[in-house]
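2 protein chains.
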Amino acid sequence: MSGARGRGRRPGGPDTRGQILASARRSFADKGFGGTTIRAVAVDAGVDPALVHHYFGAKDDLFLAALEFPADPRVLLPTVFEPGVDGAGERLVRLFLSVWDDPHARLPLVAVVRTGLVQEAEDSLLRQGILRMVQRPLRAALPAPDADRRVQLVVSQMVGLVMTRYLLALEPLASMPAEELVAWVGPTLQRYLDGPLP
Amino acid sequence: MSGARGRGRRPGGPDTRGQILASARRSFADKGFGGTTIRAVAVDAGVDPALVHHYFGAKDDLFLAALEFPADPRVLLPTVFEPGVDGAGERLVRLFLSVWDDPHARLPLVAVVRTGLVQEAEDSLLRQGILRMVQRPLRAALPAPDADRRVQLVVSQMVGLVMTRYLLALEPLASMPAEELVAWVGPTLQRYLDGPLP
């Protein structure tokens, strides 16, 4: 996951944006999510921190850009709940599959998931990068008292799909048409989101 | 995952059983499940293949013994379906948790899952060892036409629980009491097992 571009400080050349992204990739890979700062990335790229902010915004944005994430969960997930929680289970699976079913789009996601499962660290890019960004908008859409456990039950089924459909590519699940999977898994998520508490 | 015991051929000493297990562990780790044969394990341990069969039975049995699996899915899973498919979802979660919630028991399982997710090989111990042994009794308990996809949907939720509750230990899911999890996830598995097709 280390950058393809130059490694020296102040490397020169006009591709400042690319230099910043390469530095960010190195930092996220080497130091984790929490260990990465905009300031350190700027120093490594030989630019002013303000320039990093200017190009990429906050650290979350830099993370998504550096790892070439195909989608921004902070933007997409709230749209699932805009029409209400009703039907959100199916919409959530459909959104999830629209990203993950694209082999090119899921490449960086697979890399982060694989690394995150091996590292077991609190600060893995999987936890602090992906999962945090996915869980926050879900949590915000649910009533407070048991939002946390409902969200994690949803996450447990989604993570299970990531493993079985994409990483392990178990058949027939890997080849199941998206809409069939929406019909199977949608009601599961719906019950986790707003079903009666046990 | 390589054995703690001696590495030489025909090492002598009375612990023939231990030598066989050490050879088996090395072979499963180095050559995968399909690449391991009773004969090669016997040669490596300096004993007759008949002795391996005598001590451990078939390759599946040797696998479970070598990796110190806490439970035999071929024996336990059919008991879930003995009273019928009705209620099997809850019984399945309860059985699953009774094994995985024991930190000592899940140790070898976690090792195999972690390795299996990194390797991505068809022949990983995760696929050919655990998943095959889990899926077969489930498949046998369900009507044929769509048993495969029903079983894999079940597996997708179970694998997701393994990841989130044990490998990532996401809170509050990791600390959720077993019976609460049975109540949440049991109906999911039940619908996958015998719910109407979408």
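Sequences listed follow chains Y and F, in order. FYI, in my numbering the residues of the first sequence are 869 to 1066. FYI, in my numbering the residues of the second sequence are 869 to 1066. The C-beta atom is built at its ideal place from N, Cα and C for all residues, glycine as well. Being a predicted model, the structure only gives us computed values, none of them experimental.
Just to make sure I have the definition right: I need the residues of chain F whose C-beta is within less than 7 Å of the C-beta of residue i. Which are they?
i	result
L963(Y)	Neighbours of L963(Y) on chain F: none; closest Cβ ~17 Å, over 7 Å.
R974(Y)	In chain order: nothing, as chain F lies at least about 14 Å away.
Where does residue i land, buried or exposed, given buried means 16+ other C-beta within 10 angstroms?
i	result
V943(Y)	exposed
Q994(Y)	The question names Gln, yet the displayed sequence has Leu at residue 994(Y). It counts as buried.
G957(Y)	buried
P971(Y)	exposed
T947(F)	exposed
D912(Y)	buried
G880(Y)	In this prediction, G880(Y) has a pLDDT of 44, which is less than 50 and means its spatial position is unreliable; what the coordinates show is noted afterwards. Exposed, by the Cβ-count rule.
G952(Y)	exposed
G997(Y)	buried
P1055(F)	buried
R894(F)	buried
S1043(F)	exposed
G984(F)	buried
G955(Y)	exposed
L975(Y)	exposed
P1066(Y)	exposed
P941(Y)	buried
A934(Y)	buried
G903(F)	exposed
A1012(Y)	exposed
A926(F)	exposed
A918(F)	exposed
A1009(Y)	buried
Just the chain F side, please: which residues come within less than 8 Å of residue i by C-beta, in chain order?
i	result
E1048(Y)	P1066
R1059(Y)	P1055, T1056
Determine, using beta carbons only, whether residue i comes closer than 8 Å to chain Y.
i	result
R1004(F)	no
D1016(F)	yes
P1040(F)	yes
R995(F)	yes
P1045(F)	no
Compare the C-beta of residue i with all C-beta atoms of chain F and state if any pair is closer than 8 Å.
i	result
V948(Y)	no
P1013(Y)	no
M1001(Y)	no
Run through chain A and tell me which residues come within less than 8 Å of residue i, C-beta to C-beta.
i	result
T1032(Y)	Within the model displayed, chain A is absent; protein chains Y and F are what it includes.
At a CB-CB cut-off below 9 Å, which residues of chain F make contact with residue i?
i	result
L985(Y)	V981, R982, L985, V986, M1031, L1035, L1036
Counting only Cβ pairs nearer than 7 Å, list the residues of chain Y close to residue i.
i	result
A1051(F)	P1066
Please confirm whether any heavy atom of the ligand SAH lies closer than 7 Å to the CB of residue i.
i	result
L1061(Y)	As presented, the structure is devoid of all ligands, the ligand SAH included, so that no description of it is given.
ask   = So does the segment 944 to 963 of chain Y actually touch the segment 1044 to 1059 of chain Y, counting three or more Cβ pairs closer than 8 Å?
value = yes
task = Scan the segment 886 to 916 of chain F for residues whose Cβ lies nearer than 9 Å to a Cβ of chain Y and list them as they occur along the chain.
result = none
task = Spell out a yes or no on whether the segment 907 to 926 of chain F and the segment 966 to 982 of chain F are touching, meaning 3 or more CB-CB pairs, one atom from each, closer than 8 Å.
result = no
request  = Determine contact between the segment 1025 to 1042 of chain F and the segment 1007 to 1024 of chain Y, defined as no fewer than three beta-carbon pairs at a distance below 8 Å.
outcome  = yes
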